[in-house]
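K.L.:
According to my numbering, the residues represented by the first sequence are 12 to 373, in order.
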Amino acid sequence: MNKPVSNKQAEAIASALLDWYASHARTLPWRAPPGRQPDPYHVWLSEIMLQQTTVATVRRRFDDFIRRWPNVRALAAAPLEEVMAAWAGLGYYARARNLHKCAQVVAGELGGRFPDTPQALQELPGIGPYTAGAIAAIAFGHPAVAMDTNAERVIARLFAVEEPLPDAKPRLRALAEALLRPHVPGDFAQALMDLGAMICTARKPACGSCPLRASCAAHAGRLAEVLPRRARKAARPTRVGDAFFITRVDSHVLLRRRPARGMLGGMVEFPSSGWDGQPAPFDDDTPFGLAFEQLASEVRHTFTHFHLCLKLHHLAEPLGERQAAALALPRGWFWHPVGDMDTVGLPTLMRKASTFLREHAP
DNA sequence: AATCCGTGGTA
DNA sequence: TTACCAAGGAT
Numbered sequence: 012m013n014k015p016v017s018n019k020q021a022e023a024i025a026s027a028l029l030d031w032y033a034s035h036a037r038t039l040p041w042r043a044p045p046g047r048q049p050d051p052y053h054v055w056l057s058e059i060m061l062q063q064t065t066v067a068t069v070r071r072r073f074d075d076f077i078r079r080w081p082n083v084r085a086l087a088a089a090p091l092e093e094v095m096a097a098w099a100g101l102g103y104y105a106r107a108r109n110l111h112k113c114a115q116v117v118a119g120e121l122g123g124r125f126p127d128t129p130q131a132l133q134e135l136p137g138i139g140p141y142t143a144g145a146i147a148a149i150a151f152g153h154p155a156v157a158m159d160t161n162a163e164r165v166i167a168r169l170f171a172v173e174e175p176l177p178d179a180k181p182r183l184r185a186l187a188e189a190l191l192r193p194h195v196p197g198d199f200a201q202a203l204m205d206l207g208a209m210i211c212t213a214r215k216p217a218c219g220s221c222p223l224r225a226s227c228a229a230h231a232g233r234l235a236e237v238l239p240r241r242a243r244k245a246a247r248p249t250r251v252g253d254a255f256f257i258t259r260v261d262s263h264v265l266l267r268r269r270p271a272r273g274m275l276g277g278m279v280e281f282p283s284s285g286w287d288g289q290p291a292p293f294d295d296d297t298p299f300g301l302a303f304e305q306l307a308s309e310v311r312h313t314f315t316h317f318h319l320c321l322k323l324h325h326l327a328e329p330l331g332e333r334q335a336a337a338l339a340l341p342r343g344w345f346w347h348p349v350g351d352m353d354t355v356g357l358p359t360l361m362r363k364a365s366t367f368l369r370e371h372a373p
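(1) Whole angstroms are fine: how far does the CA of cysteine 221 sit from the CA of leucine 206?
(2) Going along the chain, which residues of its own chain have a beta-carbon closer than 8 Å to the beta-carbon of glycine 232, five neighbours each way excluded?
(3) Count the CB pairs spanning the stretch 173–187 and the stretch 31–49 that are closer than 8 Å, and state whether there are at least three.
(4) Just to confirm the assignment, what range does the beta strand (DSSP E) spanning phenylalanine 317 have?
(5) Take threonine 354 and list the residues in its own chain whose beta-carbon comes closer than 8 Å to its own, dropping the five residues that flank it on each side.
(6) Can the beta-carbon of valine 54 be found less than 8 Å from the beta-carbon of methionine 60?
(7) At what residues does the alpha helix (DSSP H) containing leucine 132 begin and finish?
(8) Please list the terminal residues of the continuous beta strand (DSSP E) segment that includes phenylalanine 255.
(9) Does the beta-carbon distance from alanine 99 to leucine 340 come in below 8 Å?
(10) Can you tell me whether threonine 142 is buried or exposed, with buried defined as 16 or more other CB within 10 angstroms of its CB?
(11) Provide the residue span of the beta strand (DSSP E) that contains leucine 265, from first to last.
(12) Just grab the DSSP bridge partners of glutamate 9 for me.
(13) When you compare the CB positions of alanine 155 and alanine 162, do they come within less than 8 Å of one another, or not?
(14) Given that a residue counts as buried once 16 or more other Cβ atoms are within 10 Å of its Cβ, and exposed if not, what is histidine 153?
(15) Quick one: Cα of histidine 35 to Cα of glycine 102, how far?
(16) How many Å lie between leucine 169 and leucine 368 at the Cα?
(17) What separation, rounded to the nearest whole angstrom, lies between the Cα atoms of alanine 157 and methionine 361?
(18) Which of the three DSSP states is assigned to phenylalanine 377 in this structure?
(19) Given a cut-off of 8 Å on the beta-carbon distance, is the pair phenylalanine 255 and phenylalanine 281 in contact?
(20) Count the other CB atoms, across all protein chains shown, that sit within 10 Å of the CB of serine 365; report buried if there are 16 or more and exposed otherwise.
(21) Which residues bound the alpha helix (DSSP H) around proline 348?
(22) Measuring CB to CB, does leucine 326 end up less than 8 Å from aspartate 198?
(23) Just the C-alpha distance for arginine 267 and tryptophan 346, rounded to the nearest angstrom, thanks.
(24) Restricting to runs no shorter than 4 residues, where is the alpha helix (DSSP H) found entirely within the stretch 159–200?
(25) Starting from tryptophan 98, follow the alpha helix (DSSP H) in both directions and report where the run begins and ends.
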């Protein structure tokens, strides 16, 4: 059990944190210059992208979205398929579907303006407790904490919270709320993130450079390296599946869009079996009854909760145009130029597979 | 409440 | 190679 935070202690910690932030804040594309309010659309888009995704990755992709869709109305007006393609490679594709849905709600029902309270924000698709707090605090100056893994790590160490995550979440949030300075909630939220990203890192924290080390219980107890504790994660099994390159003599390949829900939901793929290693539709009856040859190379890819070994198959002879036209393509299947695979917006697993297509395409 | 959902970097 | 980790949310 942790002692409650005194006002004096909270003030000392918060002021040290905010002082440090004033001179060490990271400059990021979605942040406003000092003294200016950021665009809520930029804050929202960046926060969705940053969910479980590194700043380095989002840095490379954020500007593309802003250039292409400069405001929430533009994004709402875009076809979902284009948004999914633009999101390709970022992972957690439900984020892209919810991003588009959220844009439509904001642009439509809300007149193009984002709500400014955590409660209202959390009603929107893809916005949970963290993101709601972050947008409310950063974009609107609403007194809310943004409890991401950075904030949780910093707070857990500061107060030497031994309870493992995720059970400790409510306790950590309460401690953060006790430190929150209501006059600068946006700075407070971003200061915790920047400290967690640059000083109070998950591995090898730089306690010697930390503005909070005088107040840090973990530092005093030499516990910084081992906190926060986490429940152990389950081991990842390996699954197998099959993917098929169905090519046409004029250098087109057959692709299809996956169902909206589930793994890689809504994304484009090469026609594939299921991935459970069980006899799938294509294992005993290949697509359209065509004869395939298996490639020597396999694609290995790791998802959140399993490894996948994808076996690749190709036609010995590409289909003639007349043959191809005779195929009854199910809904969502389409021919695509082999030379244009980069613009389809393939998820990474299929992008890896596509590198082997070149060797077997006409 | 426990599980599902991507990807890239790092030790 | 494996395991862990990163500005989490939905069901």
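Idealized CB from N, CA, C, for every residue including glycine.
P.N.:
Per the coordinate set shown:
(1) The residue given as residue 206 occupies position 195 in the first sequence. The residue given as residue 221 occupies position 210 in the first sequence. Each residue's alpha carbon lies about 8 Å from the other.
(2) The residue given as residue 232 occupies position 221 in the first sequence. Taken in chain order, the residues that qualify are Ala171.
(3) With a cut-off of 8 Å, the stretch 31–49 and the stretch 173–187 do not count as touching, because too few Cβ pairs lie within range.
(4) Position 306 of the first sequence, counted from the first residue, corresponds to residue 317. Looking at the DSSP string, phenylalanine 317 is not in any beta strand (DSSP E), and its letter there is neither H nor E.
(5) Walking along the first sequence from the start, residue 354 turns up at place 343. Non-local C-beta neighbours of threonine 354 in its own chain, meaning closer than 8 Å and more than five positions away in sequence, comprise Ala96, ordered along the chain.
(6) The residue given as residue 54 occupies position 43 in the first sequence. The residue given as residue 60 occupies position 49 in the first sequence. With contacts defined by Cβ atoms closer than 8 Å, valine 54 and methionine 60 do not form a contacting pair.
(7) Within the first sequence, numbered from 1, the residue matching residue 132 stands at position 121. Note, leucine 132: alpha helix (DSSP H), 129–132.
(8) Position 244 of the first sequence, counted from the first residue, corresponds to residue 255. Following the DSSP letters along the chain, one finds phenylalanine 255 inside the beta strand (DSSP E) bounded by residues 249–256.
(9) Residue mapping note: residue 99 aligns to position 88 of the first sequence, counting from 1. Residue mapping note: residue 340 aligns to position 329 of the first sequence, counting from 1. No, the pair does not count as a contact, with Cβ atoms beyond the cut-off.
(10) Start at 1 with the first residue of the first sequence, and residue 142 comes out as number 131. Here threonine 142 is buried: its Cβ has 16 or more other Cβ atoms, across all protein chains shown, within 10 Å.
(11) Locating residue 265 in the first sequence gives position 254, where the first residue counts as 1. Where leucine 265 is concerned, the enclosing beta strand (DSSP E) stretches over 263–268.
(12) Residue 9 lies beyond the stretch modelled for the chain, which goes from 12 to 373, so this question has no answer here.
(13) By one-based count along the first sequence, residue 155 stands at place 144. By one-based count along the first sequence, residue 162 stands at place 151. Taking C-beta atoms as the reference points, alanine 155 and alanine 162 fail to come closer than 8 Å.
(14) In the first sequence, counting from the first residue as 1, residue 153 sits at position 142. Under a 10 Å Cβ-count criterion, histidine 153 is classified as buried, with 16 or more other Cβ atoms of the shown protein chains found around its own Cβ.
(15) Looking up residue 35 in the first sequence gives position 24. Looking up residue 102 in the first sequence gives position 91. Spanning the two alpha carbons is a distance of roughly 30 Å.
(16) Position 158 of the first sequence, counted from the first residue, corresponds to residue 169. Position 357 of the first sequence, counted from the first residue, corresponds to residue 368. Roughly 52 Å separates the two Cα atoms.
(17) For the purposes of this step, residue 157 is taken as the residue at position 146 of the first sequence. For the purposes of this step, residue 361 is taken as the residue at position 350 of the first sequence. One Cα belongs to alanine 157, the other to methionine 361, and the distance between them is close to 35 Å.
(18) There is no way to answer for residue 377, as the model of the chain reaches only from 12 to 373.
(19) The sequence position of residue 255 within the first sequence is 244, counting from 1. The sequence position of residue 281 within the first sequence is 270, counting from 1. For phenylalanine 255 and phenylalanine 281, yes; Cβs fall inside 8 Å.
(20) For the purposes of this step, residue 365 is identified with residue 354 of the first sequence, where counting begins at 1. It is buried - the Cβ of serine 365 has at least 16 other Cβ atoms within 10 Å.
(21) By 1-based counting over the first sequence, the position of residue 348 is 337. If you look at proline 348, you'll find it isn't in any alpha helix (DSSP H); it sits in the beta strand (DSSP E) that goes 344–348.
(22) In the first sequence, the residue the question calls residue 326 occupies position 315. In the first sequence, the residue the question calls residue 198 occupies position 187. Not a contact, by the Cβ cut-off of 8 Å.
(23) What you label residue 267 is simply residue 256 of the first sequence in a count that begins at 1. What you label residue 346 is simply residue 335 of the first sequence in a count that begins at 1. Distance between the alpha carbons of arginine 267 and tryptophan 346: 9 Å.
(24) Runs of the alpha helix (DSSP H) inside the stretch 159–200: 160–169, 180–190.
(25) The sequence position of residue 98 within the first sequence is 87, counting from 1. Run containing tryptophan 98: 91–98, per the alpha helix (DSSP H) assignment.
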